[in-house]
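In case it helps, the numbering used here puts the sequence shown at residues 10 to 365.
The beta carbon of each residue, even a glycine, is placed where N, CA and C say it ideally should be.
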Amino acid sequence: MSRSVSPTLHPATSINIAAPQPHRAVAMWLFFCAFMVFVMVVIGGLTRLTESGLSIVEWHPFSGIIPPLNETDWQRLYQEYSQYPEFQKVNGWMSVADFKSIFWLEFIHRLWGRLIGLVFFVPFVWFLIKRSIDGTTKWKLAGLFVLGGLQGVMGWYMVMSGLVDRPDVSQYRLTAHFGLALIIFIALLWVGLQQYAPRPGATATSRRILGVLALVVFTALSGGFVAGTNAGFIYNTFPLMDGHLIPDGLFAFDPAWMAPFEDIKTIQFDHRWLAKITFFVVLFFWWRTTRQDISADQKRACHLMLAAVCLQVALGISTLLSVVWLPLGVAHQAGAVLLITATTYCAYRLRARHLA
Numbered sequence: 010m011s012r013s014v015s016p017t018l019h020p021a022t023s024i025n026i027a028a029p030q031p032h033r034a035v036a037m038w039l040f041f042c043a044f045m046v047f048v049m050v051v052i053g054g055l056t057r058l059t060e061s062g063l064s065i066v067e068w069h070p071f072s073g074i075i076p077p078l079n080e081t082d083w084q085r086l087y088q089e090y091s092q093y094p095e096f097q098k099v100n101g102w103m104s105v106a107d108f109k110s111i112f113w114l115e116f117i118h119r120l121w122g123r124l125i126g127l128v129f130f131v132p133f134v135w136f137l138i139k140r141s142i143d144g145t146t147k148w149k150l151a152g153l154f155v156l157g158g159l160q161g162v163m164g165w166y167m168v169m170s171g172l173v174d175r176p177d178v179s180q181y182r183l184t185a186h187f188g189l190a191l192i193i194f195i196a197l198l199w200v201g202l203q204q205y206a207p208r209p210g211a212t213a214t215s216r217r218i219l220g221v222l223a224l225v226v227f228t229a230l231s232g233g234f235v236a237g238t239n240a241g242f243i244y245n246t247f248p249l250m251d252g253h254l255i256p257d258g259l260f261a262f263d264p265a266w267m268a269p270f271e272d273i274k275t276i277q278f279d280h281r282w283l284a285k286i287t288f289f290v291v292l293f294f295w296w297r298t299t300r301q302d303i304s305a306d307q308k309r310a311c312h313l314m315l316a317a318v319c320l321q322v323a324l325g326i327s328t329l330l331s332v333v334w335l336p337l338g339v340a341h342q343a344g345a346v347l348l349i350t351a352t353t354y355c356a357y358r359l360r361a362r363h364l365a
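Printed below as a string of structure tokens:
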């Protein structure tokens, strides 16, 4: 059955209009899908940091769900891997047993992505049959399903870049893959919140925090270039970099405008300063907004965002000083998504005044 709406009195026109009603089942399904995307990002970070992403050199969207079943399968996969640059230039020492350790992580990464698609698609069809989703939301979710499919294609496009000459994926494709994951994650959260607790139109405050959210995402994407070029393994001091607040040799690339994407010193410098700017922007927004006449619930959302940015800054500094110790590196990537979660939630809560 379609969900019912109850009339409400519009204050400006005194006309009864239909107020959107929450649909908690749809919301919880979308929140669970968002959680699965969060896990996917964490697995992806672990895959990247352990250099496991190029261990599977073919992409079979459907038959790829079947793991190696016997020693013959393992020998075949190992021989296929041995024909590509990563094995020939970096991992030639690996035995079949060594290869298995990197294979399984990439296999889980790909399998989890397929599982997300299944967990999204089956309930989506069910809710459509039950007419539990309104027309606007239906098209939003259909678009999300398409984006999910494109994310799988983008993942393979990224892997392809590491199977040609250099034993590493393109930082551009890696960042695009990460960015698309963040878009899907934010959209799942936002539509889920719309289903869980419908809100009226945007206020000036909520429009400002969308700018904050854009800055947070942009900073996270700059981290994609750090990961894609291994720029986190150099200049492992803080707050100084190479003994200076602004080190020499920045933008030492030809052409200079490509330095933020190709020169590892400039890439790390940009990410450091974007992180600092993001921290102070969030701090200022929190200070200014919590002094205004907003509800206790909205203040809690602002406090949550501030706590998340403090945690992420601490994780980022710790990761740098540890020379990207694996647990901290994975936690730092997870922290970026937690900060995006908190900022998205805060942006949604601030869409209306005095709402508990």
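* Would you identify the three-state DSSP class for M45, choosing helix, strand or coil? => If DSSP states are grouped into helix, strand and coil, M45 belongs with the helices.
Can you confirm whether the segment 216 to 232 touches the segment 283 to 299 when touching is taken to mean that 3 or more C-beta pairs between the two stretches lie within less than 8 Å? yes
**Report entry** Bridge-paired residues (DSSP) for H253
**Finding:** M250
query: Does the separation of the CB atoms of L292 and L315 fall below 8 Å?
result: In this structure, L292 sits near L315, with a CB-CB distance shorter than 8 Å.
Practice prompt. Determine the burial state of L337: buried for a count of at least 16 other Cβ atoms within 10 Å of its Cβ, exposed for fewer.
Written response: buried
TODO: Note down the Cα distance separating V156 from R119, rounded to an integer number of angstroms.
DONE: According to the sequence shown, residue 156 is Leu rather than Val. The straight-line gap from Cα to Cα measures roughly 16 Å.
Need the endpoints of the alpha helix (DSSP H) that D279 sits in, please. 273 to 299
Using beta-carbon positions only, say whether I138 and V46 come within less than 8 Å of one another.
no
Taking Cβ to Cβ, would you say V235 is nearer than 8 Å to H280? yes
Less than 8 Å separating the beta-carbons of L324 and A351?
Not in contact: L324 and A351 (Cβ atoms no closer than 8 Å).
Cβ separation of R360 and S179, assumed to be a contact under 8 Å, to the nearest whole Å: 38 Å between Cβ atoms; not a contact.
### Message
Quick check: V162 and G62, are their CB atoms within less than 8 Å of each other?
### Response
no
Which same chain residues, not among the five before or five after I111, have their C-beta less than 6 Å away from its C-beta? S61, S64
* **A345 versus Q321: straight-line alpha-carbon distance, rounded** => 6 Å
* Note down, in chain order, each residue of its chain lying with its Cβ closer than 6 Å to the Cβ of L335, except the 5 sequence neighbours on either side. => Excluding residues within five positions, the ones whose Cβ falls inside 6 Å are L58.
_In whole angstroms, give me the CA-to-CA distance for P70 and R123._
The C-alpha of R123 is placed about 8 Å away from the C-alpha of P70.
### Message
Suppose you measure from the CA of Y93 to the CA of Q84; what does that come to, to the nearest Å?
### Response
15 Å
F278 and E271: beta carbons closer than 8 Å? The Cβ atoms of F278 and E271 do not sit closer than 8 Å to each other.
_Short of 7 Å in beta carbon distance, which residues of its chain neighbour V221, apart from the five on each side in sequence? Order them along the chain._
V290, V291, F294, T352
(message) Between which two residues does the alpha helix (DSSP H) holding H32 run?
(response) No alpha helix (DSSP H) holds H32; DSSP gives it neither H nor E.
V51 vs V339 beta-carbon contact at 8 Å:
yes
Requested in this report: Quick one: residues in its chain with C-beta nearer than 8 Å to the C-beta of P31, no 5 flanking neighbours on either side, listed in chain order?
Outcome: Q204, Y205, A206, P207
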